[in-house]
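2 protein chains.
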Amino acid sequence: MAIERRPLREQIRDELMDRLTRGEFAAGTDVNEAVLAAELGVSRTPLREALIALAGEGVLESNQGRGFRFAPVSRTEFRELVAIVAALESLALESSDPAHLRAIAPRLLDLAQGFPDQVATHATVDRRDDEWHGLLLSGCSNERLIDLLGRVKAGMRRYENLVVAEDEPVARESEEHCEIARRLLEDDLPGAITALRANWVGGMERMLAHIPAE
Amino acid sequence: MAIERRPLREQIRDELMDRLTRGEFAAGTDVNEAVLAAELGVSRTPLREALIALAGEGVLESNQGRGFRFAPVSRTEFRELVAIVAALESLALESSDPAHLRAIAPRLLDLAQGFPDQVATHATVDRRDDEWHGLLLSGCSNERLIDLLGRVKAGMRRYENLVVAEDEPVARESEEHCEIARRLLEDDLPGAITALRANWVGGMERMLAHIPAE
DNA sequence: ACTATGTATTTTGAATACAAAATTCTGAAC
DNA sequence: GTTCAGAATTTTGTATTCAAAATACATAGT
Chain A
186 MAIERRPLRE QIRDELMDRL TRGEFAAGTD VNEAVLAAEL GVSRTPLREA LIALAGEGVL
246 ESNQGRGFRF APVSRTEFRE LVAIVAALES LALESSDPAH LRAIAPRLLD LAQGFPDQVA
306 THATVDRRDD EWHGLLLSGC SNERLIDLLG RVKAGMRRYE NLVVAEDEPV ARESEEHCEI
366 ARRLLEDDLP GAITALRANW VGGMERMLAH IPAE
Chain B
186 MAIERRPLRE QIRDELMDRL TRGEFAAGTD VNEAVLAAEL GVSRTPLREA LIALAGEGVL
246 ESNQGRGFRF APVSRTEFRE LVAIVAALES LALESSDPAH LRAIAPRLLD LAQGFPDQVA
306 THATVDRRDD EWHGLLLSGC SNERLIDLLG RVKAGMRRYE NLVVAEDEPV ARESEEHCEI
366 ARRLLEDDLP GAITALRANW VGGMERMLAH IPAE
């Protein structure tokens with residue numbers, strides 16, 4: 186038995202993010218604190234603490250007297266978030282040790298090419314993508330930047346379950362990752378950063394069609 | 186009479202940030218919730234909510250069973266924060282309407298040159314600097330970016346009260362702001378961004394000496 | 001049928017209460 | 001004097017309670 190020694194609010198936050206990723210919360214719907222707390226088997230106090238933390242990451246919105254609701258999605262906001270993440274990941278690459286980048290490049294290439302299976306659930310695709318970007322940023326020593334990226338990406342998870350299947354875009358994503366990895370292999374950091382930006386812009390455009398007009 | 190219709194947690198958060206800016210909280214010291222709540226005339230519940238929000242912005246740290254403490258300062262973290270803010274402000278400039286930038290450039294120049302008074306308290310200098318950067322970013326339509334910048338800068342406030350007076354650096358800061366404004370006047374956005382980055386790097390270096398070694 | 005108004009119910013925001021940790025204090029042993 | 005064990009105290013983390021605001025409902029009037 187693993188005795189959890191983290192505050193409830195953090196465990197609850199993680200559980201809510203899991204459920205969000207699984208698509209259990211629709212954008213725009215409001216949270217009923219009593220119901221959710223009962224469902225989680227905790228009191229409203231740590232639940233509210235978790236909700237406040239998530240509101241700080243843009244996952245939830247709060248209105249005086251009206252409680253919390255899952256932030257509505259919009260194409261505009263998605264574009265904004267992608268621009269931010271692209272800039273932050275670029276910065277992370279810039280401030281990474283070039284030697285380390287060269288060292289992980291082969292593995293990045295492997296991962297990018299590795300899964301040509303057509304039948305992957307959306308969840309697995311996203312998990313792999315996270316893993317790939319995680320490895321890409323593994324050499325960044327800017328801890329605050331890594332932390333910040335995690336928060337901003339949490340705010341983007343709301344969009345991940347909007348897309349259903351698709352096989353062609355996955356191939357494109359894979360090809361773009363290969364391109365980045367190849368640049369890193371050749372020690373072409375500026376080229377890698379450009380390719381990374383293109384990857385985010387490309388991923389954004391592929392996603393945009395799936396976001397309902399507000 | 187102004188009826189406050191914002192949640193207590195937000196009012197408390199703002200009040201704590203004010204006090205932090207005034208230097209009333211030393212880095213590394215821990216928060217006594219009961220004492221602070223009594224001082225503010227509220228219960229621990231909304232205070233803790235505010236503390237959790239501030240922890241999300243990096244102003245505070247929390248440890249299970251040990252509560253909250255004001256995050257210690259370090260040169261490393263300051264460098265990290267400056268790199269992040271520089272990147273985000275650059276992005277904000279890039280995604281601003283060039284016409285708007287040209288339009289505000291004269292006012293930016295005015296503000297930068299406007300205050301040659303040697304006897305300015307550190308607080309006023311910081312307020313002016315905030316105002317100047319606020320105007321610089323006023324044309325950025327990326328709301329999430331503006332919001333994020335606010336949060337990251339909140340985490341940087343801990344460093345502002347470390348510096349005591351200085352007059353030469355203020356002149357440098359002013360000169361750098363002029364340079365940025367001039368670039369904008371000439372419609373040289375890449376030049377302005379480069380100058381903006383230089384401004385942050387310069388400000389950082391001037392500050393570094395005042396940060397105690399960890 | 002529709003709107004408006006007043007009432008009941010739900011739900012949030014904040015205060016209080018309580019239990020479990022962590023800290024401080026005390027004193028004995030060396 | 002120092003160090004350790006154990007009790008007393010403080011402080012946190014979570015649950016519960018309470019009041020006020022928001023919502024839903026029902027009734028009367030047009």
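Same order as they appear, the protein sequences are chains A and B. Taken in order, the first sequence gives residues 186 to 399; the numbers are from my numbering. Taken in order, the second sequence gives residues 186 to 399; the numbers are from my numbering. For every residue, glycine included, the Cβ atom is placed at its ideal position computed from N, Cα and C.
Over the uninterrupted beta strand (DSSP E) stretch that includes residue i, give me the two end residues.
i	result
L322 of chain A	Unbroken run through L322 of chain A: none, as it is neither H nor E.
Kindly indicate the opening and closing residues of the alpha helix (DSSP H) around residue i.
i	result
E246 of chain A	Per DSSP, E246 of chain A belongs to no alpha helix (DSSP H); it is in the beta strand (DSSP E), 245-248.
R190 of chain B	Looking at the DSSP string, R190 of chain B is not in any alpha helix (DSSP H), and its letter there is neither H nor E.
G376 of chain A	374-393
Less than 8 Å separating the beta-carbons of residue i and residue j?
i	j	result
R343 of chain A	V244 of chain A	yes
E399 of chain B	S247 of chain B	no
G252 of chain A	E218 of chain A	yes
R329 of chain A	E274 of chain B	no
L322 of chain B	A366 of chain B	no
A394 of chain A	E361 of chain A	no
E200 of chain A	L232 of chain A	no
L286 of chain B	G324 of chain B	yes
I237 of chain B	I289 of chain A	no
A272 of chain B	A272 of chain A	yes
Taking only the alpha-carbon atoms, compute the straight-line gap between residue i and residue j and give it to the nearest angstrom.
i	j	result
A240 of chain B	E364 of chain A	38 Å
D203 of chain B	V270 of chain B	21 Å
K338 of chain B	T214 of chain A	31 Å
P291 of chain B	D372 of chain B	12 Å
L296 of chain B	W317 of chain B	7 Å
A377 of chain A	L374 of chain B	23 Å
A235 of chain B	T379 of chain B	37 Å
E345 of chain B	Q196 of chain B	22 Å
F255 of chain A	A211 of chain A	7 Å
E279 of chain A	E189 of chain B	45 Å
A268 of chain A	E390 of chain A	12 Å
V216 of chain A	D332 of chain A	26 Å
L381 of chain A	L294 of chain A	14 Å
I396 of chain A	P397 of chain B	48 Å
R191 of chain A	Q249 of chain B	6 Å
E262 of chain A	R336 of chain A	15 Å
D315 of chain B	A223 of chain A	45 Å
V348 of chain B	G299 of chain B	22 Å
S228 of chain B	R229 of chain A	16 Å
V370 of chain B	T206 of chain A	The residue you asked about is not Val; residue 370 of chain B is Leu in the sequence shown. If you take the alpha carbons of L370 of chain B and T206 of chain A, they lie about 46 Å apart.
W385 of chain B	L334 of chain B	14 Å
G388 of chain B	M392 of chain A	39 Å
T306 of chain B	P257 of chain B	24 Å
Run the CB neighbour count on residue i, radius 10 Å, all protein chains shown included, and call it buried at 16 or more, exposed below.
i	result
E358 of chain A	buried
S281 of chain A	buried
E242 of chain B	buried
G340 of chain A	buried
V310 of chain B	buried
V220 of chain B	exposed
R194 of chain B	buried
A356 of chain B	exposed
R198 of chain B	buried
R368 of chain B	buried
A308 of chain B	exposed
### Task
Only counting runs of 4 or more residues, tell me where the alpha helix (DSSP H) segments fall wholly within the segment 224-310 of chain B, in order along the chain.
The alpha helix (DSSP H) runs lying completely inside the segment 224-310 of chain B and spanning 4 residues or more are 229-241, 260-279, 283-299, given in chain order.
### Query
Which ranges does the alpha helix (DSSP H) cover as unbroken runs of at least 4 residues, wholly within the segment 193-224 of chain B, from first to last along the chain?
Runs found: 193-206.
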